[in-house]
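>
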């Protein structure tokens, strides 16, 4: 132990001890931020609620909503010509997992249906983005692999039992467009 | 090893300011994407520049480590703070960053060769302002004016984006980011300021 910390005449006063504690806190915060790399204050709160098992249904719904809204906003704000949408697709996949967690944690039909409705919104945004990626200008060939992925996502949405009628019609319409893009001349 | 109370308090103030500078300077506020904020501490290039500059600045006595158990603590926080300052001021990866990082490393030699502390301090300011102008004025202008449209099957826009990323892979940030970075650099400057006097003049002990 250093003499100046032990000696009563030179040992730190309470304010100085508070300063050293603040320095330790700041350093710990920097290290925690560098290691865990959080990206959103509400994500931190939701993850804590999920891990702690405190109101897991609502935490999963909130986190899913946050990811879905960011992904849809990003799709609208695409600015660069070579925009890589892998981040948005990753967000949608994560949102899907959150809403599936919410379905598992749901207590009763109402909560389960709310989760399914949000889940279909995820699938619709996902399938529509894949559809737009897979189809291009008239002089470009459609990307069959991407469109088949879009159809698979749309089918996952249509398999949900308790979505609203309007949602089912919207998704069916999108799936028809995807099918036509995959096979433009079905009669042949 | 004993150290006096005034110098220990100066050390505490310097470390607090440098820790705050490191915390603020590591934050990114991306304009696009789902992240509200990101914390990205300095990388290898900024870290090495931090070490070189801490050596140069201590050589010219712009920064002081004193003696005793504070010495190691101050070295760690000064290196982290200086590396964070370079992380703020250097542009994103690309050929522009290469040129500026090499120039900044060479300028450390200019700082060491200055005859007094004031002159070395002015050169440190010149490096900071030059890098800031390049990153916050020139690079966004280059990004905004170097795009090309896609003309049908001719994907000129993609080619322009790829070529632009070779020079500087710019990622736009929200305007608040510049205020945060200014706060971080202000903390760094304040840390330089409060230890401007040598420890011997603060508490009467020899350094």
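Protein chains in written order, with our numbering: chain B, 10 to 197; chain S, 21 to 227.
All C-beta atoms, glycine included, are put in the ideal place defined by N, C-alpha and C.
If you're wondering where the values come from, they're calculated on a predicted model, not measured in any experiment.
Does any heavy atom of the ligand MN sit closer than 8 Å to the C-beta of residue 72/B?
This structure does not include the ligand MN; it has no bound ligands of any sort.
> Span of the alpha helix (DSSP H) holding residue 23/B?
Per DSSP, residue 23/B belongs to the alpha helix (DSSP H) from 23 to 45.
> Rounding to the nearest angstrom, what Cα-Cα distance links residue 128/B and residue 112/B in this structure?
9 Å
> For residue 174/B, count neighbouring Cβ atoms within 10 angstroms of its own Cβ and tell me buried if that reaches 16, exposed if not.
Of the residues assessed, residue 174/B falls on the exposed side of the cut-off, its CB having fewer than 16 other CB atoms within 10 angstroms.
> Between residue 159/S and the rest of its own chain, which residues show a CB-CB distance below 6 Å, the 5 nearest in sequence each way excluded?
111, 188 and 190
> If you follow the alpha helix (DSSP H) that residue 115/B is in, where does it begin and where does it stop?
Careful: residue 115/B lies outside any alpha helix (DSSP H) and carries neither H nor E.
> Output needed for residue 105/B: all residues of its chain with C-beta closer than 7 Å, excluding positions within five of it in sequence on either side, in chain order.
128 and 131
> Step through the CB atoms of chain S and report whether any lies within less than 9 Å of the CB of residue 160/B.
Closer than 9 Å: no.
> Return the chain-ordered list of same chain residues with a C-beta closer than 7 Å to the C-beta of residue 166/S, the five sequence neighbours on each side being excluded.
180 and 184
> Check each residue of the segment 32 to 48 of chain B: if its Cβ is closer than 7 Å to any Cβ of chain S, include it; give the result in chain order.
32, 35, 36, 38, 39, 42, 43, 46 and 48
> Under 9 Å between the Cβ atoms of residue 180/B and residue 163/B?
Contact flag set, yes.
> Going along the chain, which residues of its own chain have a beta-carbon closer than 8 Å to the beta-carbon of residue 89/B, five neighbours each way excluded?
Bear in mind that the predicted position of residue 89/B carries a pLDDT of just 48, short of 50, making it too unreliable to give a figure here.
> Would you mind reading off the limits of the alpha helix (DSSP H) that contains residue 189/B?
It spans 174 to 191 - the alpha helix (DSSP H) in which residue 189/B sits, taken as one unbroken run.
> Between which two residues does the alpha helix (DSSP H) holding residue 83/S run?
Segment: none, residue 83/S is in no alpha helix (DSSP H) and carries neither H nor E.
> If distances are taken between C-alpha atoms only, which option among 66/B, 25/B and 188/B comes closest to residue 154/B?
188/B
> Label residue 63/B either buried or exposed according to how many other C-beta atoms from any shown protein chain fall within 10 Å of its C-beta, with 16 as the threshold for buried.
exposed
> Please confirm whether residue 89/B has its beta-carbon closer than 9 Å to some beta-carbon of chain S.
Any reading at residue 89/B must be qualified, since the residue scores a pLDDT of 48, below 50, and its modelled position is unreliable; the value itself is stated next. Closer than 9 Å to some Cβ of chain S, the Cβ of residue 89/B qualifies, so yes.
> Is there a C-beta anywhere in chain S that falls below 9 Å from the one on residue 25/B?
yes
> Is there contact here, the segment 32 to 43 of chain B with the segment 51 to 60 of chain B, by at least three beta-carbon pairs under 8 Å?
no
> Buried or exposed: where does residue 57/B fall if 16 or more other Cβ atoms within 10 Å of its Cβ makes it buried?
exposed
> Quick one: what's residue 174/S bridged to in DSSP?
171/S
> Residue 82/S and residue 212/S - do their beta-carbons sit closer together than 9 Å?
yes
> Can you check whether the C-beta of residue 59/S is within less than 9 Å of a C-beta belonging to chain B?
yes
> Specify the secondary structure class of residue 59/S as computed by DSSP and reduced to three states.
Strand at residue 59/S.
> Between the segment 140 to 160 of chain S and the segment 118 to 126 of chain S, are three or more C-beta pairs nearer than 8 Å?
yes
> Reducing DSSP to helix, strand and coil, say where residue 89/B ends up.
Here the model assigns residue 89/B a pLDDT of 48, short of 50, so the residue's position is not dependable, and the following value carries that caveat. DSSP places residue 89/B in coil when its eight states are reduced to three.
> So, is residue 63/S buried or exposed, given that buried needs 16 or more other C-beta atoms within 10 angstroms?
exposed
> Would you report the Cα separation of residue 38/S and residue 174/S, rounded to the nearest angstrom?
51 Å
> Would you mind telling me which residues of chain B sit closer than 7 Å to residue 12/S, beta carbon to beta carbon, in chain order?
In the structure as shown, chain S begins at 21 and stops at 227. Residue 12/S is therefore absent and cannot be evaluated.
> What does residue 43/S reach in chain B if we use C-beta pairs closer than 7 Å?
35, 38 and 39
> Using a 10 Å radius around the Cβ and a threshold of 16 neighbouring Cβ atoms, would you call residue 86/B buried or exposed?
exposed
> Take residue 139/B and list the residues in its own chain whose beta-carbon comes closer than 6 Å to its own, dropping the five residues that flank it on each side.
Answer for residue 139/B: 155, 158 and 159, listed in chain order.
> Would you say residue 32/S lies against chain B (beta-carbon separation less than 9 Å)?
Taking Cβ atoms only, chain B reaches closer than 9 Å to residue 32/S, which makes this a yes.
> Assess, as a yes-or-no matter, whether the segment 27 to 43 of chain S is touched by the segment 90 to 97 of chain S under the definition of 3 or more beta carbon pairs within less than 8 Å.
yes
> Excluding five sequence neighbours on each side, which residues of the same chain lie with their C-beta closer than 7 Å to the C-beta of residue 58/S?
Answer for residue 58/S: 48 and 50, listed in chain order.
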